[in-house]
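*Asks:*
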Amino acid sequence: MMPLSGFFPSFDHYAFLISKCIKHKHLKVGMSLHSHLIKSALSFDPFLANRLIDMYSKCNSMENAQKAFDDLPFKNIHSWNTILASYSRAGFLSQARMIFDEMPHPNIVSYNTLISSFTHHGLYVEAMDIFWQMQQDFDRLVLDEFTFVSIVGTCACLGALEMLRQVHGAAIFIGLEFNMIVCNAVINAYGKCGEPGTSYSVFSRMQKRDVVTWTSMVVAYTQTSKLDDAFRVFRSMPVKNVHTWTALINAFVKNKYSNEALDLFQQMLEEKYSPNAFTFVGVLSACADLALIAKGKEIHAIIIRRSSDLNFPNVYMCNALVDLYSKSGDMKSARTLFNLVPKKDVVSWNSLITGFAQNGLGREALIAFRRMIEVGIKPNEVTFLGVLSACSHTGLSSEGLYIMELMEKSNDIKPSLDHYAVLIDMFGRKNRLAEALDLISRAPNASKHIGIWGAVLGACRIHDNLDLAIRAAETLFEMEPDNAGRYVMLSNVFAAASRWMDAHNVRKLMEERGFKKEVAQSFIEIRNFAEMKLRNNFPARGKHCSFVMAALAFTIVVLWAWGENSFITTSQSVQAWYRTSYSGFMVGSTYSSVIPDTVKENTEKTYSNSSTKEETVKDDAHSEVTHTYAASTINFNRSKSSENTCSYGNGEWVLDDSRPLYSGFGCKRWLSATWACRLTERTDFSYERYRWVTKDCELPAFERSEFLKRMQDKTIAFIDDSLGRQQFQSLMCMATGGEESPEIKDVGKEYGLVKAKGAIRSDGWAYRFPSINTTILYYWSTSLNELLPLNMSDPATSVAMHLDRPPAFLRNFLHLFDVLVLNTGHHWNKVKVRENRWVMYKDGIRSELDNLKEIDTAKNYTVHSIVQWLDLQLSSHPRLKVFFRTISPRHFRNGEWNNKGSCVNTTPLSRGSKVEQNRSNDPIVESAVSGTQVRMLDITALSDLRDEAHRSHYNIKGTSGGSDCLHWCLPGIPDTWNMILFAQM
810 MMPLSGFFPS FDHYAFLISK CIKHKHLKVG MSLHSHLIKS ALSFDPFLAN
860 RLIDMYSKCN SMENAQKAFD DLPFKNIHSW NTILASYSRA GFLSQARMIF
910 DEMPHPNIVS YNTLISSFTH HGLYVEAMDI FWQMQQDFDR LVLDEFTFVS
960 IVGTCACLGA LEMLRQVHGA AIFIGLEFNM IVCNAVINAY GKCGEPGTSY
1010 SVFSRMQKRD VVTWTSMVVA YTQTSKLDDA FRVFRSMPVK NVHTWTALIN
1060 AFVKNKYSNE ALDLFQQMLE EKYSPNAFTF VGVLSACADL ALIAKGKEIH
1110 AIIIRRSSDL NFPNVYMCNA LVDLYSKSGD MKSARTLFNL VPKKDVVSWN
1160 SLITGFAQNG LGREALIAFR RMIEVGIKPN EVTFLGVLSA CSHTGLSSEG
1210 LYIMELMEKS NDIKPSLDHY AVLIDMFGRK NRLAEALDLI SRAPNASKHI
1260 GIWGAVLGAC RIHDNLDLAI RAAETLFEME PDNAGRYVML SNVFAAASRW
1310 MDAHNVRKLM EERGFKKEVA QSFIEIRNFA EMKLRNNFPA RGKHCSFVMA
1360 ALAFTIVVLW AWGENSFITT SQSVQAWYRT SYSGFMVGST YSSVIPDTVK
1410 ENTEKTYSNS STKEETVKDD AHSEVTHTYA ASTINFNRSK SSENTCSYGN
1460 GEWVLDDSRP LYSGFGCKRW LSATWACRLT ERTDFSYERY RWVTKDCELP
1510 AFERSEFLKR MQDKTIAFID DSLGRQQFQS LMCMATGGEE SPEIKDVGKE
1560 YGLVKAKGAI RSDGWAYRFP SINTTILYYW STSLNELLPL NMSDPATSVA
1610 MHLDRPPAFL RNFLHLFDVL VLNTGHHWNK VKVRENRWVM YKDGIRSELD
1660 NLKEIDTAKN YTVHSIVQWL DLQLSSHPRL KVFFRTISPR HFRNGEWNNK
1710 GSCVNTTPLS RGSKVEQNRS NDPIVESAVS GTQVRMLDIT ALSDLRDEAH
1760 RSHYNIKGTS GGSDCLHWCL PGIPDTWNMI LFAQM
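Numbering-wise (my numbering), the sequence shown opens with residue 810 and increments by one.
#1: Output the boundary residues of the beta strand (DSSP E) element that contains Asp946.
#2: To the nearest angstrom, how far is it from the Cα of Asp1529 to the Cα of Ile1233?
#3: Taking three-plus beta-carbon pairs below 8 Å as touching, is the segment 1610-1617 in contact with the segment 1506-1522?
#4: Quick one: Cα of Ile1748 to Cα of Lys1239, how far?
#5: Pull up the distance between the alpha-carbon of Arg1180 and that of Ile1581, whole angstroms please.
#6: Over the uninterrupted alpha helix (DSSP H) stretch that includes Arg1500, give me the two end residues.
#7: Output needed for Gly1547: all residues of its chain with C-beta closer than 6 Å, excluding positions within five of it in sequence on either side, in chain order.
#8: When you compare each of Glu1287, Ala1293, Asp1773 and Ala1278 to Trp1484 by their alpha carbons, which one comes out closest?
#9: Reducing DSSP to helix, strand and coil, say where Ala1526 ends up.
#10: Let's see if you can read the secondary structure: which residues bound the alpha helix (DSSP H) around Ile1186?
#11: Please specify which runs of the alpha helix (DSSP H), each continuous and at least 4 residues long, are wholly inside the segment 1047-1111, giving them in chain order.
#12: Based on the DSSP output, what are the partners of Glu1629 in its beta bridges?
#13: According to DSSP, simplified to helix, strand and coil, what is His1776?
#14: From Arg1760, Ser1736, Leu970 and Phe982, pick the residue whose C-alpha is nearest to that of Thr1489; which is it?
#15: Find out if the Cβ-Cβ distance for the pair Gly1710, Gly1771 is shorter than 9 Å.
#16: With distance defined between alpha-carbon atoms, name the residue in Gly1237, Ala994 and Gln945 nearest to Gly1260.
#17: Is it the case that the Cβ atoms of Asn1085 and Val1062 are separated by a distance below 9 Å?
#18: Assuming Thr1055 contacts Thr1088 under a Cβ cut-off of 8 Å, what Cβ separation, rounded to an integer in Å, is found between them?
#19: Near Trp1678, which residues of its chain fall below 6 Å by C-beta distance, leaving aside the five closest residues on each side in sequence?
#20: Using three-state DSSP, classify Phe825 as helix, strand or coil.
#21: Taking all protein chains shown into account, do 16 or more other C-beta atoms lie within 10 angstroms of the C-beta of Gly978, making it buried, or fewer, making it exposed?
#22: In the DSSP assignment, the beta strand (DSSP E) including Ser1761 goes from what residue to what residue?
#23: Can you tell me whether Leu1266 is buried or exposed, with buried defined as 16 or more other CB within 10 angstroms of its CB?
#24: Could you give the DSSP three-state label for Asp1555: helix, strand or coil?
#25: With a threshold of 16 other CB atoms inside 10 Å of the CB of Ile1782, please say whether the residue is buried or exposed.
#26: Can you list, in chain order, the stretches of the alpha helix (DSSP H) that have 4 or more residues and sit fully within the segment 1264-1295?
#27: Does the Cβ-Cβ distance between Tyr1457 and Gln1793 come in under 9 Å?
#28: Can you tell me whether Pro1598 is helix, strand or coil according to DSSP?
#29: Considering only their Cβ atoms, is the gap separating Ala1758 from Ser1729 smaller than 9 Å?
#30: Would Arg1577 pass as a contact of Ile1585 if the rule is Cβ separation under 9 Å?
#31: Given Leu932, which residues of its chain have a CB within under 8 Å of its CB, disregarding the five upstream and five downstream residues?
#32: Tell me the start and end of each unbroken alpha helix (DSSP H) in the segment 1102-1161 that is at least 4 residues and wholly inside, in chain order.
#33: Taking C-alpha atoms, which residue in Gln945, Met943, Gln944 and Ile924 lies nearest to Glu935?
#34: Any idea which residues DSSP pairs Lys1723 with across the strands?
#35: When you compare each of Phe1147, Ser1684 and Leu1790 to Thr805 by their alpha carbons, which one comes out closest?
#36: Could you compute how far the alpha carbon of Ala894 sits from the alpha carbon of Ile990?
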C-alpha cells in the first residue's frame, strides 16, 4: 500500500484492517481495501474473501457481498456459510434459502443458521421443514445444542406439544439431557405450550442451574397464569437479575394484578436492581390499568432522568406512556409523547387511536387513522377495532359503516366477530336495532358470538325493547349459563319496563342457580396507590316498593281477578291516557321548540315499535285514543322519572320562631364570610325565621342525626356554580349543627380538589365525617360541560365549550357518588361568554350555536345532553340518586350586577307567601328530566317569593362592594333546598 517507503501490507495487516471496517461500518475504506487485495492477488485467499463478504453484509451492502462471493474461484463451506449468514442477518430469507439449496454439503452451522433465521422472522413451518430435512442427514451431521435451542423455540411458537416432546427426546438420545442451554430452552418451550409441570420436571432433574434457568422456570409458570408457583420459584432464587424481576412484573400486569406488580417494582428498587426498558413498560401498564396518573408521572420522570441508559425515547416506552396518559384522560400529553416516538409502528398508532376512542374523541380518532394510512403504516385488526369503537361511542354511525366497508374490501384484513360486535353496539346506541339484527344474519357465525348478543341486550336495556331483550338474553344464557351479569341485565330490562314480577323471577332464578352479582369495585389513587372502594349489591328494585307501589300491585291483582279481558282493556286505557298526556307536554307544548332535535326525536319514538299494531279504544271518559301494544305482551311504556306523590314546590312560607337551623356566627368554618349576613352590617334578620310548609304533604323536619345515619358510608356531591356552593355550605352547617367540628377531615386531595399555584381558589371542596364515613363535596362547574383551552401555552386563549360532554370531574368520579345535585344557568349570558372566551363545540367540532344569539339554545342543549347521559349511566349505578336543581331566581332592580342593580327590600313575603302551580318555573330543567330517572329539585317559585333574603348591599364592616341580588344570606333559603332534597332522597 505504501511502495515509496518499501512497506507492503501482509495478510495479517489486511485481516486487521477489515476487522476495523466491520467494527466501525467503514464501507468506503473496506471497498478500498478490496481493490488493493485484488491488485495483490490476495482477494482469492478464502479467509480474507470470507471476511470481505462479512464486511460488506454488515455494512448493509449485500450487492457487493454477493459479488465478492461470486468472484471466489474456490468456495469452501465457510464461504457458503458466510454468504448464507449475511442474507439471513439482512432478512433476505428467500435468497438465503436459495443459497442453502445450492450448497453442495451444508453442515450443522448451515442448518442452524437457516433454522434460527426462519424462527426469528416467524416462519416456523419453514424452520421445521429445514429440521426434518436435517434429520435425513443424521448420519453425516452431529446435532448440537444450538440446533435444539432454535427448534424447541419453533415448536413452542407453533404450540406443537407432541413435536416438542419428540425433539426433547432426540436431545436426550444424543446426550444433551443435562445441557444447561438446551434445558433452559426446553423449560421455556413447555411453559409456552401450557405444560409448566413438565417444565418443572426438567428443572428439578438439572444438575446445575444458572440465573437463566431460574428465570425460565418463573416464565414457564407465568405463561399459564400460575402466579403463586412463579412467585414461589422467584423467592427461592439464589441470584436474581433484572430479567427475572421484569418477567414477574409483566406477568402480574398481564393477569390484572397491577397493584402487586407495583409492589414488586418497589421491592426491586429497594434491592438496588436497575430496571430496564421492558421493566418500565410493564410498570407503566400497571399504572394505566389502575389509572394511577401521579405514580405514572413519577415513573415517567425516572425514565427521563435515565434516558441515556434506556435509549429513551424508544418506541416501546413511548407506546406505554401514550397508553397511560390516554387512559387517564390526558390526551394532550399522550399526543406529545406520540410525536416523540422515533419510528412509529402500528402499536404506536393503535395506542393513540384507542386513547381517542376511550375519551370520546371520535373525530380525532378518525383523523389519526387517516394520517396513519397516509404515512404508510398498514392498520391491523386492533386499529379497526379502535376506530369502530370511537365511532360507536360518539355516534358517528356513517363513518363507522365506511370503516367497515374499508375492512370488507381489504385483501389483508377481514372483519372478525369482534368488529361486528362493535358495529352492532353502534347501531344499538342509535336505536337502529333492525339494522343490527340484519347485520347479525349476514355476518358469518355472528349468531354464536357472545359479544354481539351482549351488545344487543345492552341496546335493548337502553331503548326498552323488551321482546328483543328476551331473545338476546335467552341466547346468552345458552352460550354462557354461568354469567350472572346477563341475568342482572335482563332483570334490569324488566324493571325498566315496570314488569316487576318478571324482574323478581329472574333474580330468583339467579339465587336458585347459586349466582351472585359481583360486588362493584372502584379504585381511587391515594398516595400513589390504588385504594379499592366496594359497593354492596342491592336486591331488585321490586323489593323496595313504596306503599304506593304496593297499593298499585294489589289493585292489579284485583283487576286480574275480575277477568283477563277487562284487565287488559283497563290497562290499555290507562296506558293510552298516560302516553297522550306525556307526549302532549313534550311535543305539543310551547316548550318543545327549545328541546334539542335529538331529544325530541327520542321522545317521539318512545312509543313506536315495529313489532306493534295500532288499535283504537275508548278510555273512561269515552274519548277515543289511539295506542299501540305488543301482539303477545301488554307493554307498559314507562316514564323513567318516578315523581313523588308530594309536590314539594307547592306550599307556603310561614313564621317559625324555632328558626334558624344553625348560627351564622358558629358556622364560620364552612360559610363564606360575605354570605354569612350576621357578620355584615345588616341588622334585620327576620328573613331567617320562615319555614316552608308544603301543601299536599308534610315536609319532614331536618334532623342532623337522621341525615347522617342515612348518609353513612355515602357521598353526596354538588356540581354547580356559586349557588351550588351555597347549597353545599348550607348542608355542611346543617349536618354539623353550625358548630366547629375538628374531627371532620378535609379530603379534597382524594378528588383532586386542591388549590393550584396562582389560583384564587380550588375547584371545589370535600369534607368527610370519619366516624360514619359520610362525604360531602362541591365541584365548581359554571356551565356543566367540559371546558378545554384551545392553546394551553397561551393564557389568553379561547376555551372550547363542549356542549355535549360532561365535565371530566363528573365522568371520573361518578362511580363514587351516592347522591348527586346539579345545576347550571347564571353564567349563560353574553357577558360571561365574552369574559370566559367560550367557543361552543358539538361532537368535537365547532358548533353552529357559536354566536351570542344562540346562548339560550346552547344552554338548553347542554342541560338535555347531561341529563340524557346521566340517565344512561344510572343503570350501572343502582345506588346513585341524581337531582337537577331548578334555577335560583335573581332579584336585581333598575340594572344588573355591578351596573346599578339593587335589591333593597327587607320586608319578608312582600311578593306573597304561597305557590300553587302545576308546572315548574324552570321549563328547561322540567323538560330535560321528564321521562328520565333524573329527578327535579324544584326550588324556583318558592325562592322567588323571598327577595328580602339576598345579601343585598350589606358588606362586612370596613369593606365595600356592590349589591348582590343573586346569592342568599346564610342561614337562609338554601337551607330549605336541602330540606326538600333530604325529603326526596
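Where is the CB? At the ideal position from N, CA and C, for every residue including glycine.
Note that the coordinates shown come from a computational prediction; the quantities given were computed from them, not determined experimentally.
*Replies:* Checking against the coordinates, here is how it stands:
#1: Premise fails: Asp946 is in no beta strand (DSSP E) and is neither H nor E.
#2: Those two C-alpha atoms are separated by around 36 Å.
#3: With a cut-off of 8 Å, the segment 1506-1522 and the segment 1610-1617 do not count as touching, because too few Cβ pairs lie within range.
#4: About 35 Å.
#5: Between the C-alpha atoms of Arg1180 and Ile1581 there is a straight-line separation of about 54 Å.
#6: Unbroken run through Arg1500 is the beta strand (DSSP E), Tyr1499 to Thr1503; no alpha helix (DSSP H).
#7: Within its own chain, the residues whose Cβ lies closer than 6 Å to the Cβ of Gly1547, once the five positions on either side in sequence are excluded, are Tyr1471, Ser1472, Gly1475 and Cys1476, listed in chain order.
#8: The shortest Cα separation from Trp1484 among Glu1287, Ala1293, Asp1773 and Ala1278 belongs to Asp1773.
#9: Secondary structure of Ala1526 (DSSP, three-state): strand.
#10: According to the DSSP assignment, Ile1186 belongs to no alpha helix (DSSP H), since it is labelled neither H nor E.
#11: If we require 4 residues or more, the alpha helix (DSSP H) runs fully inside the segment 1047-1111 come out as 1051-1063, 1067-1079 and 1086-1099.
#12: In the sequence as presented, Glu is not what sits at residue 1629; that position holds Leu. Its beta-bridge partners are Ala1526 and Val1691.
#13: Strand, per DSSP.
#14: Ranking the options by Cα distance to Thr1489, first place goes to Arg1760.
#15: Going by beta carbons, Gly1710 and Gly1771 fall inside the 9 Å limit.
#16: If we check each option's Cα against that of Gly1260, Gly1237 comes out closest.
#17: Judged by beta-carbon spacing, Val1062 lies beyond the 9 Å limit of Asn1085, meaning their Cβ atoms are not closer than that value.
#18: Taking a contact as a CB-CB distance under 8 Å, the pair Thr1055 and Thr1088 counts as one, their CB atoms being some 4 Å apart.
#19: Correct list, in chain order: Pro1615.
#20: Per DSSP, reduced to three states, the secondary structure at Phe825 is helical.
#21: Gly978 sits exposed, since fewer than 16 C-beta atoms from the chains shown fall within 10 Å of its C-beta.
#22: Here the beta strand (DSSP E) through Ser1761 covers His1759 to Ser1761.
#23: Per the 10 Å Cβ criterion, buried.
#24: Here Asp1555 sits in strand by DSSP.
#25: Counting Cβ neighbours within 10 Å, Ile1782 comes out buried, since at least 16 surround it.
#26: Taken in chain order, the unbroken stretches of alpha helix (DSSP H) that lie wholly in the segment 1264-1295 and span 4 residues or more are 1275-1288.
#27: Result yes, Cβ atoms of Tyr1457 and Gln1793 sit closer than 9 Å.
#28: It is a strand residue.
#29: Between Ser1729 and Ala1758, the CB-CB gap reaches or exceeds 9 Å.
#30: Contact flag set, yes.
#31: Result list for Leu932: Leu902, in chain order.
#32: The DSSP assignment places complete alpha helix (DSSP H) segments of no fewer than 4 residues inside the segment 1102-1161 at 1102-1114, 1116-1119, 1124-1136 and 1140-1149, in order along the chain.
#33: In this structure, Ile924 is the residue among Gln945, Met943, Gln944 and Ile924 with its C-alpha nearest to the C-alpha of Glu935.
#34: In the DSSP output, where bridge partners are listed per residue, Lys1723 has Glu1461.
#35: Nothing about residue 805 can be reported from this structure: the residues present for the chain run from 810 to 1794 only.
#36: Distance between Ala894 and Ile990, taken at the CA atoms: about 22 Å.
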